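Note that the protein sequences, when read in sequence, are chains A and B.
Take the first sequence: its letters are residues 4 to 535, numbered as in the working numbering.
Take the second sequence: its letters are residues 5 to 452, numbered as in the working numbering.
For reference, the structure is listed below as structure tokens.
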Amino acid sequence: MVQSLDRSQGRAGSPAGSASAASGTFTGNRALQIEEPLIFEMGQPGRCGVDLPEPSKVKDRLNGLRRKGEIGLPGLSEPQVVQHYTRLSQKNYAIDMGVYPLGSCTMKHNPRINEKVARLTGIGDLHPLQPVSTVQGALELIDTLAHWLKTLTGMPAVAMSPAAGAHGEMCGMMAIAAALDAKGERAKRRIVLAPESAHGTNPATAAALGFTVKPIPANERGRVDLAALKAALGPEVAAIMLTNPNTCGLFESEIVEISKAVHEAGAYFYCDGANFNAIVGRVRPGDLGVDCMHINLHKTFSTPHGGGGPGAGPVVLSAALAPYAPYPWIVKQGDVFAVKEDGAKVDGAPVGRLKAFYGQMGMFTRALAYMMSHGADGLKQAAEDAVLSANYIMASLKDTMTPGFEGPCMHEALFDDGFLKDTGVSTLDFAKAMIDEGYHPMTMYFPLVVHGAMLIEPTESQAKEDLDLFIAAMRSLAERARSGGAVEDFKAAPRFAPRRRLDETLAARKPVLRWRPSNNPPEGDPMQQAAE
Amino acid sequence: MRYLPLTESDRREMLGVIGAKSVDELFRDVPASARLPAKIGGLPDHQGELEVERAFQALAAKNLSPSEVPFFIGAGAYRHHVPSTVDYMIQRGEFLTSYTPYQPEITQGTLQYLFEFQTQVTLLTGMEVANASMYDGSTGAAEAVLMANRVTRRHKALISGGLHPHYRGVIQTTARWEGFKAVVSRPDIEGLEDLIANIDKETSCVVVQNPSFFGHVRDFSKLADACHAAGALLIVVVTEVVSLGLIKPPGEMGADIVVCEGQSIGNGLGFGGPYVGLFATREKYMRQMPGRLVGETVDADGKRGFVLTLSTREQHIRREKATSNICTNAGLCALAFTVHLTLLGEAGFKRLAELNHAKASELADRVTSVPGVQLVNESFFNEFTVRLPKPAGPVVEALAAKRILGGVPVSRLVPGDPAAANLLLLAATETATEHGMAPLVAGLKEVL
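Below, the structure is given as structure tokens:
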């Protein structure tokens with residue numbers, strides 16, 4: 004099916020293969036960069052990484068449905084497993100290694116005390132369906148985190164169960180749909196406005212809930228065009244979904260006018276809280292007229308990104324939307340916490356249930372540990388340092404690179420590819436060259452409102468010396484790109500990473516989404532038939 | 005403040021480069037009416053690590069820890085032993101503090117383990133392709149229904165009464181707000197439900213669970229045939245993934261989409277999350293799948309490597325036309341799953357499943373020796389339902405007062421149904437011991 008792929012790479016394959024030719028070593032390894040086969044290429048029957056007792060003999064009660072034949076899982080011993088994943092880990096860039104300026108992702112330091120408290124006996128090992136009387140400390144923990152979130156945002160209520168930012172968007176927009184239902188307006192208010200610079204999740208969420216998405220253009224200052232917004236508002240508009248600070252790294256300076264206009268038109272204001280880190284302790288979204296906002300605990304409140312999750316996306320709600328918060332509700336009755344689960348009588352009309360159990364408890368614990376460590380004073384200082392660091396980068400690079408917009412930014416600095424004009428070097432090439440310099444690239448080609456976007460978010464976690472080296476490296480790359488002599492080097496980058504540029508077109512054209520015993524599936528293989 | 009590297013002199017110097025007198029100037033775009041004049045009140049100031057740890061220990065002390073008492077709770081979340089290697093591996097900073105692998109050249113670690121994870125999921129479920137994980141089983145189940153609606157262009161899902169009530173709830177919420185019909189069957193306490201007669205030309209899918217919420221193990225081959233004859237898809241949910249070491253996989257029964265809660269492998273109970281959803285389907289439906297997918301390719305030197313692929317399904321490319329709004333998956337929980345399953349391997353995984361079944365059989369024999377306790381199930385894996393002579397809710401509370409976590413009263417998840425009032429759901433995994441079963445039996449005798 005995919006005979007063009009050479010699978011004989013790494014240690015399981017032939018050492019004389021092309022890998023070794025490219026690296027010039029017998030093994031194909033390059034010192035600490037060790038080629039690593041798949042577990043399926045390493046396993047041997049008869050090896051096992053656990054010792055389990057012999058089960059007692061019982062008459063099985065499986066309704067005659069005992070699984071027959073091999074599953075196909077490889078057998079590895081414990082040391083092999085440790086080596087395999089350790090080697091894999093060494094092929095990753097991470098916050099723990101240095102500047103990770105991925106704009107809009109807030110790659111800040113992940114404190115290890117958070118990990119420790121999340122694993123405490125009596126927290127990490129609790130079952131979600133234990134009697135409520137036996138988990139009062141866990142419910143108090145959630146309630147305490149809820150108090151911090153409500154206080155920092157100036158909002159009266161919070162729904163804790165959404166599993167990630169996008170899930171939080173779903174929750175908030177469902178609450179808006181429910182509120183419209185209650186007013187009998189859901190059938191006529193079918194449009195959701197979203198700026199052109201919005202995260203892709205915003206239109207995807209609105210569309211999933213059956214709304215029609217109408218983009219609002221940005222003005223020349225990178226903000227929502229207030230006049231265009233006012234013109235778009237009307238009796239058919241349900242809500243606006245707006246990120247603030249926005250994805251250009253700018254505070255929506257007319258935010259108060261925007262929310263006033265939205266509310267006057269009978270619509271709701273959904274705020275995408277992805278960039279809350281910039282304003283914690285300095286601005287409360289509740290004071291801006293926000294009706295609901297999700298908070299990415301894995302961005303603003305330091306829970307680990309974990310290679311793409313798990314996240315957590317609690318949603319703060321205005322008084323108008325609070326009655327629609329999904330089940331379960333944690334309610335304090337005197338000194339005792341009670342849980343109102345599906346179908347229970349509550350002061351509202353919940354949108355339903357969004358997720359099994361309570362939500363991402365492990366993330367709640369970590370986020371609360373972070374908040375308590377920083378305190379009200381430290382959270383404010385963190386936001387200020389994040390904004391200061393981004394502005395420092397902007398000020399230091401604005402003569403070398405081309406800023407997307409004028410003026411101070413918030414927590415991230417947006418550049419376009421103007422400085423690369425006529426050099427033959429693209430934003431992608433520039434990003435890949437950063438890898439060779441030892442950095443994770445910034446967010447590229449997002450937001451869509453500037454050409455060849457480069458969105459740099461340093462966060463508050465980097466020392467000034469590290470920012471200075473990063474700035475110097477960026478200046479050097481920009482100068483090399485403009486010197487004209489290095490185009491081929493940029494096109495060839497990265498040269499020193501565990502892999503050179505990967506063929507994404509091949510991956511999409513002939514998808515190989517799993518390992519198989521052979522390159523050539525046996526005749527009659529259902530995969531092959533399906534592919535043909 | 006230990007997390008903040010900038011010193012006061014750094015800050016002054018940086019403001020100098022920026023050309024600002026104070027950090028307040030950087031916030032000048034904030035409307036004056038929204039600027040907080042002082043520090044937010046009502047919250048404490050920063051604390052040292054010791055103080056923070058003590059605060060959490062105090063919270064932990066207010067809970068009854070499953071690690072310290074006889075424990076028999078399941079109902080969609082299972083207490084298994086997780087080898088020490090798993091937690092060590094997922095705390096390596098290169099995994100823990102990396103993000104979604106947008107730059108494949110420097111995230112091959114994440115990409116390769118997700119590729120291995122996808123392969124493991126296909127093997128366990130007996131399916132052809134799997135994605136890089138969902139938030140959890142319940143949200144995965146709702147995404148599966150949405151996918152079936154896309155594939156069939158129909159808008160009616162039949163929901164089995166054997167499906168976990170929280171999963172049913174998530175699907176109903178999705179149905180209500182995303183505009184499709186979820187027809188829910190009444191709780192299938194006895195495990196005898198037959199949904200074939202309910203399938204019609206509008207049915208997009210039938211959603212069943214195996215073993216069911218009440219623990220019954222069933223063959224859905226005939227249901228699969230009936231679905232396919234009517235142009236509908238069969239979605240099989242598995243909330244206890246260890247069962248796949250012993251029970252015929254959904255793929256062999258003809259399932260079109262399989263969704264599992266993967267928590268049992270590698271992930272602790274954690275009061276309900278984060279967990280990891282497994283999502284597998286047939287290759288022909290690959291492009292309708294939600295979530296992230298990792299695929300194999302080659303780099304500029306011809307070496308094998310891995311990338312995120314088929315992203316034209318996804319929100320960051322397709323925006324309002326995406327198959328789902330999902331952005332993150334459960335990367336680190338998927339890592340815990342794959343490390344644990346790699347340690348287990350074929351032999352260990354099968355033995356783990358045998359052990360679970362043996363322990364549950366032993367528990368079933370023991371509790372049904374208590375006068376008045378009747379086993380509802382003829383078949384089960386590691387969890388079953390018993391009928392008590394009185395309502396199960398107060399019985400479980402009375403056991404908890406004796407420091408025994410003795411199952412889940414079905415009425416907690418199926419409130420208001422008189423048929424469910426006396427039902428108790430009990431689970432036993434490899435962690436169950438005789439020292440735990442004896443107090444449960446004694447406790448039940450006292451309470452009943």
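C-beta: ideal position from N, C-alpha, C; glycine also.
Quantities reported herein were computed from a predicted structural model and do not represent experimental measurements.
task: Verify the CB distance criterion: does B/PRO254 have a CB-CB separation below 8 Å to chain A?
output: Nearest CB-CB separation between B/PRO254 and chain A: not below the 8 Å threshold.
task: Over the uninterrupted beta strand (DSSP E) stretch that includes A/MET457, give me the two end residues.
output: Element bounds for A/MET457: 457–459.
query: Can you check whether the CB of B/VAL400 is closer than 8 Å to the CB of B/PRO419?
result: B/PRO419 places its beta carbon 8 Å or farther from that of B/VAL400.
query: Within this structure, are the beta carbons of A/CYS51 and B/GLY349 separated by less than 8 Å?
result: Contact: yes.
- request: Could you check how far apart the C-beta atoms of A/GLU415 and A/GLY106 are, in whole angstroms? I think they sit under 8 Å.
  value: Right, the Cβ-Cβ distance comes to about 5 Å (below 8 Å), so this counts as a contact.
query: Under the DSSP definition of a beta bridge, which residues are partnered with A/CYS295?
result: The partner list for A/CYS295 (beta bridge, DSSP) reads A/TYR273, A/LEU320.
query: Who are the neighbours of A/ALA476 on chain B, taking C-beta pairs under 8 Å?
result: Here the premise fails: no neighbours, minimum Cβ distance about 15 Å.
- prompt: Per DSSP, B/GLN378 forms a beta bridge with which residues?
  reply: For B/GLN378, which the question treats as bridged, DSSP gives the partners B/ARG391.
task: Specify whether the region 267–280 of chain B and the region 362–369 of chain A touch according to this definition: at least 3 beta carbon pairs, one from each stretch, less than 8 Å apart.
output: A contact is defined here as three or more CB-CB pairs under 8 Å, and the region 267–280 of chain B meets this definition with respect to the region 362–369 of chain A.
field: 7 Å CB neighbourhood of A/VAL354 in its chain, flanking five on each side removed
entry: MET177, ALA178, ALA181, TYR327, PRO329, listed in sequence order.
- prompt: From the beta carbon of B/ASN333, is the nearest beta carbon of chain A less than 8 Å away?
  reply: So, interface residue.
task: Tell me, please, whether the CB atom of B/VAL221 is closer than 8 Å to any CB atom in chain A?
output: Look at B/VAL221: its C-beta is under 8 Å from a C-beta on chain A.
- prompt: Would you call A/SER92 buried or exposed, if buried means 16 or more other Cβ atoms sit within 10 Å of its Cβ?
  reply: Burial call: buried.
- prompt: Going by other Cβ atoms of all chains shown within 10 Å of its Cβ, with 16 needed for buried, is B/GLU132 buried or exposed?
  reply: Flag for B/GLU132 reads buried.
- prompt: For the region 38–114 of chain A, which segments carrying the alpha helix (DSSP H) assignment without a break, of at least 4 residues, lie completely within its bounds, in sequence order?
  reply: Assignment of alpha helix (DSSP H) within the region 38–114 of chain A, counting only whole runs of 4 or more residues, yields 81–92 in chain order.
message: Only counting the same chain, and skipping five residues up and downstream in sequence, which positions put a Cβ closer than 6 Å to that of B/ALA259?
response: The beta carbon of B/ALA259 sits closer than 6 Å to the beta carbons of LEU238, VAL240 from its chain, once the five residues preceding and following it are set aside; these are given in chain order.
field: Neighbourhood of A/PHE493 by C-beta distance below 6 Å, restricted to the same chain and skipping five residues each side
entry: Non-local beta-carbon contacts of A/PHE493 in its own chain, meaning distances under 6 Å to residues more than five positions away in sequence, involve VAL428, ASP432, ALA436 in chain order.
query: So, do the region 28–45 of chain B and the region 407–424 of chain A have three or more beta carbon pairs nearer to each other than 8 Å?
result: Using a C-beta cut-off of 8 Å, the region 28–45 of chain B makes contact with the region 407–424 of chain A, since at least three inter-stretch Cβ pairs fall below that distance.
- request: Tell whether a beta-carbon distance below 8 Å holds between A/VAL334 and A/ALA323.
  value: Result no, Cβ atoms of A/VAL334 and A/ALA323 do not sit closer than 8 Å.
query: Taking Cβ positions, are A/GLY140 and A/ARG287 nearer each other than 8 Å?
result: Pairing A/GLY140 with A/ARG287 gives a Cβ-Cβ distance that is not under 8 Å.
Contact list for the region 297–318 of chain B against chain A, Cβ threshold 9 Å: Listed in chain order, the positions of the region 297–318 of chain B with a beta carbon within less than 9 Å of a beta carbon of chain A are LEU297, VAL298, GLY299, GLU300, THR301, VAL302, ASP303, ALA304, ASP305, GLY306, LYS307, ARG308, GLY309, PHE310, VAL311, LEU312, THR313, LEU314, SER315, THR316, GLU318.
task: Please state whether DSSP places B/LEU348 in a helix, a strand or coil.
output: DSSP places B/LEU348 in helix when its eight states are reduced to three.
- request: Go through its chain and collect everything with a Cβ distance to A/VAL452's Cβ below 6 Å, but skip five positions before and after it.
  value: Excluding positions up to five away in sequence, the list reads GLU199, SER200, ALA221.
query: chain B beta carbons: is any one of them nearer than 8 Å to that of A/ASP380?
result: Answer yes: the Cβ-Cβ gap between A/ASP380 and chain B drops below 8 Å somewhere.
message: Within 8 Å of any Cβ in chain B, is that where the Cβ of A/ALA533 sits?
response: Low per-residue confidence applies at A/ALA533: pLDDT is 42, beneath 50, and the placement is therefore not dependable, though the value from the model is reported in the following sentence. With respect to chain B, the C-beta atom of A/ALA533 has a partner C-beta closer than 8 Å.
message: Can you give me the C-alpha to C-alpha distance between A/LEU291 and A/ASN278, rounded to a whole angstrom?
response: For A/LEU291 and A/ASN278, the distance between alpha carbons rounds to 15 Å.
message: Using beta carbons (cut-off 8 Å, strictly below), is A/MET375 in contact with chain B?
response: Yes, A/MET375 counts as interfacial toward chain B.
field: B/MET293, DSSP secondary structure in three states
entry: DSSP places B/MET293 in the coil class of the three-state scheme, outside both helix and strand.
query: What does a CB cutoff of less than 6 Å around B/LEU417 pick up in its chain, not counting 5 residues either side in sequence?
result: Result list for B/LEU417: PRO169, in chain order.
message: Looking at chain A, is there any beta carbon in it that lies within less than 8 Å of the beta carbon of B/VAL187?
response: At least 8 Å separates the CB of B/VAL187 from every CB of chain A.
query: How many whole angstroms separate the CB atoms of B/LEU8 and A/ALA370, which I take to be in contact at a CB cut-off of 8 Å?
result: 18 Å between Cβ atoms; not a contact.
task: Assign B/ARG58 to one of two classes, buried (16 or more other C-beta atoms within 10 Å of its C-beta) or exposed (fewer than that).
output: Counting Cβ neighbours within 10 Å, B/ARG58 comes out exposed, since fewer than 16 surround it.
- prompt: Using the C-alpha atoms, what's the distance from B/GLU182 back to A/GLY213?
  reply: When rounded, the distance between both Cα atoms is 6 Å.
Counted within 10 angstroms of its Cβ, other Cβ atoms place A/GLU267 as buried (16 or more) or exposed: Classification of A/GLU267: exposed, given that the 10 Å Cβ count is below 16.
task: Quickly, what does DSSP pair A/LYS343 with across the bridge? List them, please.
output: According to DSSP, which records beta bridges pairwise, A/LYS343 is partnered with A/TRP332.
message: Below 7 Å, is the gap between the Cβ of B/LYS66 and the nearest heavy atom of the ligand GDP?
response: The ligand GDP is absent from the structure shown, which contains no ligand whatsoever.
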